[in-house]
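Engineer:
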Amino acid sequence: MADEMFDVTARKFHQWGVVLLSALAFVLGGAAGGAIMLALGLLMVVGRFRDEADLLRGFYRAVLVPRGILRPRMAVEDRATRRIARVLGGTVQLLAALLLLTGQAPGLAWGLAGLIAFMVVLDAAFDFCALCFVVHQVRRATA
Amino acid sequence: MLERVLIVVVAALVVGLALLVVRSRVADRTRARLGRPLPEALRLERPGLPTVLYFYGAACAACAQQRRALTSLPTERLNVVALDAAHQTELAEWAGVLTVPSTAIVDPQGRLRAVNHGFRPADELAAQLAAVA
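Here the protein sequences come in this chain order: A and B. If you use the numbering used here, the first sequence corresponds to residues 1 to 143, in order. If you use the numbering used here, the second sequence corresponds to residues 1001 to 1133, in order.
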């Protein structure tokens, strides 16, 4: 069975978008920051199951590609891990948003949001799965 | 707000620099391993042919996809050895495995020629194998 091809440019645009929006949320702080984190978390989790909910990919497809600003690059990629990581990351972002919007433990909330942003940067910049690395190192240490 | 912008800029610079250093160290670490002979404990089914060592792990979503990519290679002209990275620690250490899935390319003389950390599609593996055959 031939492996499915995926648009690497779309994936990277989405990932850098998540990182930039997380940074914007931190800069704005307060309720505005919490609202952006909430939107990001929903975009990550709901967009995993409903393509039309992923506004970043929608913008990429509707604006950036037709105008020639970005070009699709198709390749065989590890989609399964990224789908799991997306749901996990989005859930953590929703938790961070909840903490921010209720005004509880903003330090913890930004720490969680920063951790997810860092893991996304690793994949966007180096195609490196931080979650796989951690799981392997834990398993090796406990084997 | 300016304070927060500065924090983001400094954090981005620090993380970017740290990632470049780590990446360079990983590349050095891999380079230092290239040319090493396969440990004698590993008996190949068909000596004298190129070999792919495929390191997998439990709870690894990408490993099934990597396995599929490997089965699409011409397996009659190479050795494919699947190894549990957490249990075959000697071989994983020999190849410098950092994560799963990982693949190590070994030439027909039994020397390590390339290590891939993470999933690699079949065409990329085929090109690496063609370069060592």
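We put the beta carbon where it would ideally sit given N, CA and C, even for glycine.
Excluding the five sequence neighbours on either side, which residues of its own chain have a C-beta within less than 8 Å of the C-beta of ILE69 (chain A), listed in chain order?
Structural biologist: Indexing the first sequence from 1 puts residue 69 (chain A) at position 69. Cβ within range, chain order: VAL63.
Engineer: Hey, how far is the Cα of ALA130 (chain A) from the Cα of MET119 (chain A)?
Structural biologist: Here the question's residue 130 (chain A) lines up with position 130 in the first sequence. Here the question's residue 119 (chain A) lines up with position 119 in the first sequence. Taking the straight line from one Cα to the other gives about 6 Å.
Engineer: With a threshold of 7 Å between beta-carbons, can THR1099 (chain B) be considered close to chain A, or not?
Structural biologist: Within the second sequence, the letter at position 99 stands for residue 1099 (chain B). Closer than 7 Å to some Cβ of chain A, the Cβ of THR1099 (chain B) qualifies, so yes.
Engineer: In three-state DSSP terms, what is LEU88 (chain A)?
Structural biologist: Walking along the first sequence from the start, residue 88 (chain A) turns up at place 88. Three-state DSSP puts LEU88 (chain A) in a helix.
Engineer: Below 8 Å on the Cβ atoms is my contact criterion, and I expect VAL1115 (chain B) with ALA1095 (chain B) to pass it. Report the Cβ-Cβ distance as a whole number of Å.
Structural biologist: In the second sequence, the residue the question calls residue 1115 (chain B) occupies position 115. In the second sequence, the residue the question calls residue 1095 (chain B) occupies position 95. Yes, they are in contact, since the Cβ atoms of VAL1115 (chain B) and ALA1095 (chain B) sit about 5 Å apart, within 8 Å.
Engineer: Quick one: list the residues of chain A neighbouring ALA1082 (chain B), beta-carbon separation under 9 Å, in chain order.
Structural biologist: Numbered from 1 along the second sequence, position 82 holds the residue referred to as residue 1082 (chain B). The premise fails here: ALA1082 (chain B) is roughly 15 Å from chain A at the closest Cβ pair, so nothing lies under 9 Å.
Engineer: Reducing DSSP to helix, strand and coil, say where VAL1097 (chain B) ends up.
Structural biologist: In the second sequence, residue 1097 (chain B) corresponds to position 97, counting from 1. Coil at VAL1097 (chain B), not helix or strand.
Engineer: The segment 63-83 of chain A: which residues have C-beta closer than 9 Å to a C-beta of chain C, in chain order?
Structural biologist: Reference to chain C is not applicable here, since the protein chains of this structure are A and B.
Engineer: Per the DSSP calculation, THR1103 (chain B) is bridged to which residue(s)?
Structural biologist: What you label residue 1103 (chain B) is simply residue 103 of the second sequence in a count that begins at 1. B:TYR1054, B:ASN1116, per the DSSP bridge assignment.
Engineer: Take every Cβ of the segment 122-136 of chain A, pair it with every Cβ of the segment 1096-1108 of chain B, and state whether three or more of those distances are shorter than 8 Å.
Structural biologist: With the cut-off at 8 Å, the segment 122-136 of chain A and the segment 1096-1108 of chain B touch.
Engineer: Pick helix, strand or coil for ARG71 (chain A), following the three-state DSSP scheme.
Structural biologist: The count along the first sequence starts at 1 and reaches residue 71 (chain A) at position 71. Residue state, collapsed to three classes: coil.
Engineer: Spell out whether any CB of chain B is found under 7 Å from the CB atom of VAL8 (chain A).
Structural biologist: Here residue 8 (chain A) corresponds to residue number 8 of the first sequence, with the count starting at 1. Answer no: the Cβ-Cβ gap between VAL8 (chain A) and chain B never drops below 7 Å.
Engineer: May I ask you to verify whether the segment 1030-1039 of chain B touches the segment 1062-1080 of chain B, counting CB pairs closer than 8 Å and requiring at least 3?
Structural biologist: Result no; under three Cβ-Cβ pairs closer than 8 Å.
Engineer: For MET37 (chain A), name the three-state secondary structure that DSSP assigns.
Structural biologist: If you number the first sequence from 1, residue 37 (chain A) lands on position 37. Correct three-state label for MET37 (chain A): helix.
Engineer: Can you tell me whether HIS1117 (chain B) is buried or exposed, with buried defined as 16 or more other CB within 10 angstroms of its CB?
Structural biologist: As a first step, residue 1117 (chain B) must be located in the second sequence, where it is residue number 117. Under this definition HIS1117 (chain B) is a buried residue.
Engineer: Could you give the distance in angstroms between the alpha-carbon of LEU1078 (chain B) and the alpha-carbon of ASP1123 (chain B)?
Structural biologist: Here residue 1078 (chain B) is taken as the residue at index 78 of the second sequence, counted from 1. Here residue 1123 (chain B) is taken as the residue at index 123 of the second sequence, counted from 1. Rounded to whole angstroms, LEU1078 (chain B) to ASP1123 (chain B) spans 15 Å at the Cα level.
Engineer: Taking VAL138 (chain A) as the reference, give the member of B:TYR1054, B:CYS1060, B:VAL1005 with the closest Cα.
Structural biologist: Mapped onto the first sequence, residue 138 (chain A) falls at position 138. Considering only alpha carbons, the answer is B:CYS1060.
Engineer: List the residues of chain A whose Cβ lies closer than 8 Å to the Cβ of ARG1023 (chain B), in chain order.
Structural biologist: Residue numbering aside, residue 1023 (chain B) sits at position 23 when the second sequence is read from its first letter. Chain A residues near ARG1023 (chain B): PHE126.
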